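For reference, the structure discussed in these notes is given below.
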Amino acid sequence: MMRAIVLLLVGAIATPSYGQSSAELGPNSDEHPFQCGAAFAIMAKVYQEVGDAKKSAGYQTKFDKLGAQAEGIFEQSQRSKSDAEAYMQKHVDSLAAIAEKDAALVINFARRCDQRFPG
C-alpha cells in the first residue's frame, strides 16, 4: 500500500498545482503536531523512495521534533508515550488513506505544515 501512495505523491509533486485543494489544519492547536507529524512522516518516506536523501532527512527531522512535542502534549494530560505514538500512527494511517484518493490534497497539506512548522 505504501508503494502506491509513494507513486501517487511523487506524481502530485511533479505536477504543477494551479488550483490548490483546500488543506487546512484543524482548529485545535494541540492536534497540529499530530496532523503535521503524520504529513512529515509520509513526505519523508516519499522522498526516501525517490532517492532524495536530503529532503527525506529534513522531513524525518521535522517528524521527530513534532513527535517529541506530541509526547509532551500527552504527558501534560497524564497519558503515556505509547499512547502518543499510537495516536500519531492513527494520523499517519488516516492521511495515507487520503493520499490514496487525493495525493494533491496531502501535498498541499504538507506545504501548509511546512509553513506552520518551518524547521
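First residue of the sequence shown? That's 92 in our numbering, and the numbers climb one at a time after it. We put the beta carbon where it would ideally sit given N, CA and C, even for glycine. Values in this document were obtained by computation on a predicted structure and should not be read as measured data.
Asked: Would you mind giving the Cβ-Cβ distance between A135 and F154, rounded to the nearest angstrom? I have them listed as a contact below 8 Å.; Found: 6 Å
Asked: Identify the continuous alpha helix (DSSP H) that holds S173 and give its terminal residues.; Found: 172-192
Asked: Please classify E191 as buried or exposed, where buried requires at least 16 other C-beta atoms within 10 Å of its C-beta.; Found: exposed
Asked: In terms of residue numbering, what span does the alpha helix (DSSP H) encompassing V137 cover?; Found: 123-140
Asked: Would you call the region 118-129 and the region 149-165 in contact, with 3 or more CB pairs under 8 Å?; Found: yes
Asked: Buried or exposed: which applies to A188, given that a residue is buried once 16 or more other Cβ atoms fall within 10 Å of its Cβ?; Found: exposed
Asked: Let me check understanding here. Comparing Cα to Cα, which of Q180, Q167, I133 lies closest to Q151?; Found: I133
Asked: Assign M194 to one of two classes, buried (16 or more other C-beta atoms within 10 Å of its C-beta) or exposed (fewer than that).; Found: It should be noted that the sequence gives Ala, not Met, for residue 194. Per the 10 Å Cβ criterion, buried.
Asked: By Cβ distance below 8 Å, which residues in the same chain neighbour H182 in space, the five residues on each side in sequence not counted?; Found: F125, Q126, G128, A129
Asked: Look up R203 in the DSSP assignment and say whether it is helix, strand or coil.; Found: helix
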